[in-house]
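Position one of the first sequence corresponds to residue 16 (the numbering used here), numbered consecutively onward.
Glycine is no exception: its CB is placed at the ideal position from the N, C-alpha and C atoms.
One structure below.
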Amino acid sequence: MRTIKQFLNRQVSAAIESCTGLRDSNANVITASKVEFGDYQANGVMPIAKQLKVNPRELANQVIEELRSFNLNIVERYEVAGPGFINIYLSDTELLRRANAIINGKLPIIPKSEISLRIAVDYSSPNLAKEMHVGHLRGTIIGDAIVRILEKQGHQVIRQNHVGDWGTQFGMLICYLQELQQTNGKEYPAALTDLERFYREAKSRFDSDRKFADRSRQAVVDLQSGDQESQQIWTQFIEESLNHCDEIYSKLNITLDRSHLDSESQYNDQLTGVIKKLSEEGLLSESEGAKCVFLPQFIGKDGSKLPVIVQKSDGGYLYSTTDIAAVHHKSHTLDIDRALYVVDARQSLHFQQVFAVSKEAKFATEKISLEHISYGTMMDSAGKPFKTRSGDTVKLIELLDESVSRAYTLVTEKNPDLADEERKVISEKVGIAAVKYADLSKNRTSDYIFDWATMLSFEGNTAPYLMYAYARIRSILAKANMGGPYETISELKSPLEHLLLTKLIQFPEIVDTVASDCFPNLLCNYLHELAGIFMRFYEECPILSADEDIRQSRLSLSNYSSLVLKQGLELLGIETLTQM
RNA sequence: GUCCCCGUAGCUCAGCUGGAUAGAGCAAUCGCCUCCUAAGCGAUAGGUCGGCCGUUCGAAUCGGCCCGGGGACACCA
16 MRTIKQFLNR
26 QVSAAIESCT
36 GLRDSNANVI
46 TASKVEFGDY
56 QANGVMPIAK
66 QLKVNPRELA
76 NQVIEELRSF
86 NLNIVERYEV
96 AGPGFINIYL
106 SDTELLRRAN
116 AIINGKLPII
126 PKSEISLRIA
136 VDYSSPNLAK
146 EMHVGHLRGT
156 IIGDAIVRIL
166 EKQGHQVIRQ
176 NHVGDWGTQF
186 GMLICYLQEL
196 QQTNGKEYPA
206 ALTDLERFYR
216 EAKSRFDSDR
226 KFADRSRQAV
236 VDLQSGDQES
246 QQIWTQFIEE
256 SLNHCDEIYS
266 KLNITLDRSH
276 LDSESQYNDQ
286 LTGVIKKLSE
296 EGLLSESEGA
306 KCVFLPQFIG
316 KDGSKLPVIV
326 QKSDGGYLYS
336 TTDIAAVHHK
346 SHTLDIDRAL
356 YVVDARQSLH
366 FQQVFAVSKE
376 AKFATEKISL
386 EHISYGTMMD
396 SAGKPFKTRS
406 GDTVKLIELL
416 DESVSRAYTL
426 VTEKNPDLAD
436 EERKVISEKV
446 GIAAVKYADL
456 SKNRTSDYIF
466 DWATMLSFEG
476 NTAPYLMYAY
486 ARIRSILAKA
496 NMGGPYETIS
506 ELKSPLEHLL
516 LTKLIQFPEI
526 VDTVASDCFP
536 NLLCNYLHEL
546 AGIFMRFYEE
556 CPILSADEDI
566 RQSRLSLSNY
576 SSLVLKQGLE
586 LLGIETLTQM
């Protein structure tokens with residue numbers, strides 16, 4: 016199943032081939048940049064005319080003649096414009112036919128991808144030594160949206176939450192827990208309700224008490240060599256920490272659960288194998304006591320070769336080693352086609368190195384596509400990394416709670432007549448949605464300025480705007496009180512209706528783009544534009560008071576709008592409401 | 001020093017493989033609720049797209065050089 020854009024691209028390209036003999040040319044069909052230019056425009060003729068040294072407008076005319084002979088029923092007419100653009104106007108009849116098939120369920124809103132791939136997506140990946148903080152928000156939200164989109168397209172998605180549960184700091188935490196256990200008996204899990212504080216206390220012990228620090232280092236060794244008591248405390252700690260994560264995931268409507276854990280500790284027993292293989296491949300060398308891989312493309316500070324250190328001089332392993340082992344696991348055990356790593360942009364060098372070493376040493380199969388889906392840092396309104404006034408990281412749970420409580424204030428203000436219970440439900444959804452959407456709607460690669468005022472204004476290009484649009488539609492459909500099913504759009508009377516319908520039918524094109532490029536903000540932009548067009552339609556075109564046939568048609572168009580909005584928001588991990 | 005990212009309206013940001021007169025939202029000013037939810041709609045105002053040069057029918061987009069900001073760069077993750 017192809018989208019209209021893909022279809023037109025192929026047709027225009029074929030027409031160009033008949034006119035010029037050039038095969039597989041880029042027809043460059045895009046959504047028209049302005050309504051005056053039709054629904055789609057093909058920009059590909061001009062570069063080709065230039066290449067062939069012919070007049071671009073003349074070639075465009077020939078291509079159009081050819082296209083007309085194809086008799087495409089989706090196209091109403093073609094026009095040459097400007098220096099050689101081909102403007103394409105879609106046929107309302109055919110648009111209606113397709114739209115109605117989608118509304119009544121004969122065609123899917125989002126067609127399945129032609130090929131179903133096995134795709135691993137690493138995302139969220141909190142460090143279990145601490146509580147999740149705002150720094151984990153982006154990766155978690157963006158990753159979850161990507162996962163939902165890929166799954167919807169019919170790919171086999173394997174979520175991987177690569178939690179940090181094996182680092183050096185766990186020795187410190189285990190030791191501190193042991194201390195508390197000795198003084199307070201079995202009370203110790205209570206101390207873990209505030210992991211952040213627990214970590215700070217342990218850290219300050221570590222920094223101030225030499226003996227404690229030594230015991231901590233020993234505890235890491237004990238833990239990693241399988242000491243029973245250390246393991247037991249560690250397990251308890253991890254369990255408690257994961258409970259915190261689960262609470263966040265559930266609050267944020269994130270699809271991750273315990274079955275998606277792909278923890279660092281799982282790779283512990285594969286690390287020696289990684290070193291061995293690297294050595295066999297002749298890639299391993301020793302430098303200053305550490306085992307390293309030097310690849311020519313990585314240059315360090317003073318122009319010297321930059322190592323990928325895979326084993327420290329004290330014998331310990333690093334996260335590069337674990338990540339390489341994980342690539343092997345994805346490639347050879349999970350048979351993955353595409354591996355996405357939704358991780359902070361600051362780790363891009365790390366991933367370049369891991370990917371390069373993995374390919375070089377054949378930990379990666381030929382077919383696997385390793386992609387770092389990087390995102391920028393979260394900043395405060397002054398452009399500095401996001402911290403509390405006292406300089407601590409902001410706990411994610413507190414941020415979410417604040418958003419919900421601000422939403423509650425707002426709902427109460429906007430809709431005071433609603434029962435308190437309903438206002439609570441609405442503010443839960445709206446508060447969380449606002450946080451998620453504020454993040455998703457920005458290009459992931461840029462740094463993100465987190466600002467309560469902007470995000471919680473609940474106006475403009477925000478989740479509440481989209482949710483409100485949805486609630487309005489549902490409200491009309493409920494008021495129509497005809498039992499539905501509102502499955503037939505029969506005519507497009509106003510240009511706005513044509514615009515709205517065209518927009519709706521383009522939904523799969525955007526989903527397709529996001530699936531390949533992993534930029535969820537494109538979907539946000541689309542939904543915002545769609546909601547905007549609907550709002551205009553709503554203001555300008557009477558629905559319930561229209562004559563019967565138009566009323567039926569507009570209700571169906573509204574119904575279609577609600578289906579797409581709901582589906583789109585769902586793909587972003589945002590829930591809808593029927594009233595707000 | 002090397003490499004990577006960024007610089008678009010007062011603020012926060014879009015701008016898809018170069019495409020037609022650079023778009024939203026917030027903030028500002030002015031209109032629109034006896035009418036389907038005003039968390040809305042319309043209108044006005046606001047830009048030498050950091051700078052210069054180049055590639056071409058066409059550049060915010062591609063290339064080069066500068067300026068400014070951020071990040072990464074050997075035993076943390």
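Inter-residue Cα distance where the pair is residue i and residue j
i    : j    : result
T336 : A217 : 27 Å
S571 : G499 : 9 Å
K581 : T591 : 6 Å
R83  : R92  : 8 Å
L299 : K327 : 13 Å
L333 : I324 : 7 Å
E81  : R72  : 14 Å
K111 : A376 : According to the sequence displayed, residue 111 carries Leu and not Lys. If I take the Cα positions, the gap works out to 55 Å.
T593 : K399 : 39 Å
R174 : L74  : 49 Å
E506 : V90  : 17 Å
G288 : M61  : 56 Å
I63  : R17  : 25 Å
K345 : L286 : 15 Å
R361 : G391 : 8 Å
S373 : S280 : 20 Å
C34  : F522 : 32 Å
G1   : L122 : This structure leaves residue 1 out entirely; the chain is present only between 16 and 595.
V419 : N476 : 18 Å
For residue i, the three-state DSSP class (helix, strand or coil)
i    : result
T177 : The identity of residue 177 in the sequence shown is His, whereas the question assumes Thr. In the structure shown, H177 sits in coil (DSSP, three-state: anything other than H, G, I, E or B).
D416 : helix
D435 : helix
M482 : helix
S472 : coil
L592 : coil
Y452 : helix
V440 : helix
T18  : coil
D222 : helix
T155 : helix
S231 : helix
R133 : strand
Y390 : strand
T46  : strand
P311 : strand
Local Cβ density within 10 Å of residue i, reported as buried at 16 or more and exposed below that
i    : result
A294 : Position check: residue 294 holds Ser in this sequence, whereas Ala was assumed. Classification of S294: exposed, given that the 10 Å Cβ count is below 16.
V50  : exposed
N176 : buried
F185 : buried
P431 : exposed
F85  : exposed
W249 : buried
D600 : The chain is shown only over 16 to 595; residue 600 falls outside these bounds and no answer can be derived.
R215 : exposed
G588 : buried
A434 : exposed
P557 : exposed
G167 : Sequence inspection shows Lys at residue 167; the Gly mentioned does not correspond to that position. Burial call: buried.
A160 : buried
Residues of its chain near residue i, where Cβ-Cβ distance is below 6 Å and the 5 sequence neighbours each way are ignored
i    : result
V357 : Y138, G154, I157, G158, I388
I426 : It is Val, not Ile, that sits at residue 426 in the sequence shown. Counting only Cβ-Cβ distances below 6 Å, and skipping sequence neighbours, we find R438, I441, S442.
F378 : I339, V342, H343
G304 : S328
L545 : K518
Supposed contact pair residue j and residue i - C-beta distance, whole angstroms, cut 8 Å
i    : j    : result
A144 : C190 : In fact, because the Cβ distance is near 13 Å, the residues do not count as touching under 8 Å.
S140 : V178 : 6 Å
A371 : L310 : 6 Å
D54  : I103 : 6 Å
A468 : V445 : Going by Cβ atoms, the distance from A468 to V445 rounds to 16 Å, so no, they are not a contact pair.
H275 : M147 : Rounded, the Cβ-Cβ distance is 15 Å, inconsistent with contact.
Cut-off 8 Å between Cβ atoms - residues of its own chain near residue i, not counting five sequence neighbours on either side
i    : result
L152 : M393, L411, L414, V450, D454
P98  : M61, P71, R72
F252 : L143, F185, L188, I189, L192, L207
Nonlocal neighbours in the same chain, by C-beta distance under 7 Å from residue i, ignoring five residues either side
i   : result
I79 : Y93, V95, I101
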